[in-house]
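Under numbering that gives the first Met the number 0, the letters of the sequence shown match residues 0 to 264, in that order.
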Amino acid sequence: MKLMVKYICLSGKKRKNLSEAKSPFNRSVEVSIILPTYNEEKNIGEIVKQLREQFKGESYEIVILDDNSKDKTPKIIDKLAEKSDILAIHRYDKKGYWSAYQDAISLSHGKYILTMDSDLSHPPKTAFFLYQNRKKADIISGSRYMKSGGMEAPFFRKYGSEWLNKVCAIIAGLPYTDIAGDFHVMEKSKFNKLKFRYTPVFGEFDFEWLYRAKKLGFSNLEIPFTYKFREEGESAMGSGGADALKLMKFALAYVKMALKLRFIG
Ligand SMILES: Nc1nc2c(ncn2[C@@H]2O[C@H](COP(=O)(O)OP(=O)(O)OP(=O)(O)O)[C@@H](O)[C@H]2O)c(=O)[nH]1
Ligand SMILES: [Mg+2]
Numbered sequence: 000m001k002l003m004v005k006y007i008c009l010s011g012k013k014r015k016n017l018s019e020a021k022s023p024f025n026r027s028v029e030v031s032i033i034l035p036t037y038n039e040e041k042n043i044g045e046i047v048k049q050l051r052e053q054f055k056g057e058s059y060e061i062v063i064l065d066d067n068s069k070d071k072t073p074k075i076i077d078k079l080a081e082k083s084d085i086l087a088i089h090r091y092d093k094k095g096y097w098s099a100y101q102d103a104i105s106l107s108h109g110k111y112i113l114t115m116d117s118d119l120s121h122p123p124k125t126a127f128f129l130y131q132n133r134k135k136a137d138i139i140s141g142s143r144y145m146k147s148g149g150m151e152a153p154f155f156r157k158y159g160s161e162w163l164n165k166v167c168a169i170i171a172g173l174p175y176t177d178i179a180g181d182f183h184v185m186e187k188s189k190f191n192k193l194k195f196r197y198t199p200v201f202g203e204f205d206f207e208w209l210y211r212a213k214k215l216g217f218s219n220l221e222i223p224f225t226y227k228f229r230e231e232g233e234s235a236m237g238s239g240g241a242d243a244l245k246l247m248k249f250a251l252a253y254v255k256m257a258l259k260l261r262f263i264g
């Protein structure tokens with residue numbers, strides 16, 4: 000029987016087609032940096048360049064999982080994967096930020112995982128700092144809202160997301176300053192212990208991540224960083240007044256997730 004190809008994985012001179020999300024190559028590294036991409040042709044080259052500078056000399060790989068982007072991202076990541084520090088994955092049957100993270104983590108080879116966005120909102124320098132602190136707690140998280148943290152974004156986005164974050168943290172009973180940053184370092188074996196129950200609309204999977212980890216008694220160390228609003232490429236959130244409805248939809252999904260964690264668990 001012919002296997003259905005769901006993932007095409009490239010790294011160095013190696014190539015493997017897979018029907019399920021499991022590490023494709025026989026190698027191990029200390030950390031896998033997980034980058035989901037959708038139409039990031041203007042950012043992916045730059046973020047890889049900066050990550051390579053930061054992680055030079057470390058045992059790392061950069062796992063880029065692309066969901067069949069319509070721009071030049073697929074071509075660019077194949078070119079980047081000519082060097083074996085990049086694992087480029089093309090996925091054709093699924094879409095979405097959270098499922099991209101989950102699959103990329105399953106396909107990675109690292110002892111630790113480091114999750115971040117590909118649009119330079121999460122600075123590679125902070126990513127390396129989180130990694131350096133990886134042994135200080137079970138999860139090391141970047142926080143935009145603690146003292147010395149920050150968010151460079153349009154007024155509505157900046158204060159809207161900070162307010163939403165605070166309300167949802169109170170509802171879900173999470174004692175952290177940033178519960179939707181999606182910027183973490185964690186041992187992969189510990190991540191695999193988290194049993195996720197809910198399907199997120201967007202970044203609110205982070206609430207469940209922190210909630211399940213707290214339930215298992217995992218510690219979380221927050222480190223401040225300044226979030227930079229994307230300068231290139233299109234936001235999944237939309238922008239401007241025309242997308243106010245979309246923003247409302249996201250806000251509702253965030254509150255819903257917090258309520259589910261609080262009252263259903
Ligand atoms: N593989 C994959 N990646 C996605 C998908 N949607 C978004 N991403 C990536 O996930 C990350 C977060 O998405 P963003 O669009 O930046 O969302 P955001 O950070 O909330 O919004 P902005 O920063 O305003 O754009 C980025 O690296 C995107 O390229 C998807 O469906 N599949
Ligand atoms: Mg972004």
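By construction, the Cβ of each residue, glycine as well, lies at the ideal position given by its N, Cα and C atoms.
Original post:
So what does C167 bridge to, in DSSP terms?
Top reply: Paired residue(s): none; C167 is not in a bridge.
**OP:** Have a look at G180, K69, G148 and S142 and flag the residue whose alpha-carbon is nearest the alpha-carbon of F201.
**Re:** G180
Original post:
Nearest-angstrom Cα distance between M247 and K157?
Top reply: 15 Å
Original post:
Relative to the C-alpha of R196, which residue among K187, I263, M145 and I138 is closest?
Top reply: I263
Original post:
How big is the Cα-Cα spacing for S10 and I170?
Top reply: 43 Å
Original post:
Is L17 helix, strand or coil when you go by DSSP?
Top reply: strand
**OP:** Pull up the distance between the alpha-carbon of E19 and that of T176, whole angstroms please.
**Re:** 36 Å
Original post:
Is the CB-CB distance between E60 and S31 below 8 Å?
Top reply: yes
Subject >> Nearest residue (CA-CA) to L193, options L209, H183 and V184 >> reply: L209
**OP:** Could you check if A241 is buried or exposed, using at least 16 other CB atoms within 10 Å of its CB as the buried criterion?
**Re:** Low confidence applies to A241: its pLDDT is 49, below 50, so where it sits in the model is not reliable enough to give any reading.
Original post:
Taking C-alpha atoms, which residue in Y253, F249 and E231 lies nearest to I46?
Top reply: E231
**OP:** Put P35 into one of helix, strand or coil per three-state DSSP.
**Re:** strand
**OP:** Consider the C-beta atom of S22 and the heavy atoms of ligand 2; say whether any pair is separated by less than 7 Å.
**Re:** no
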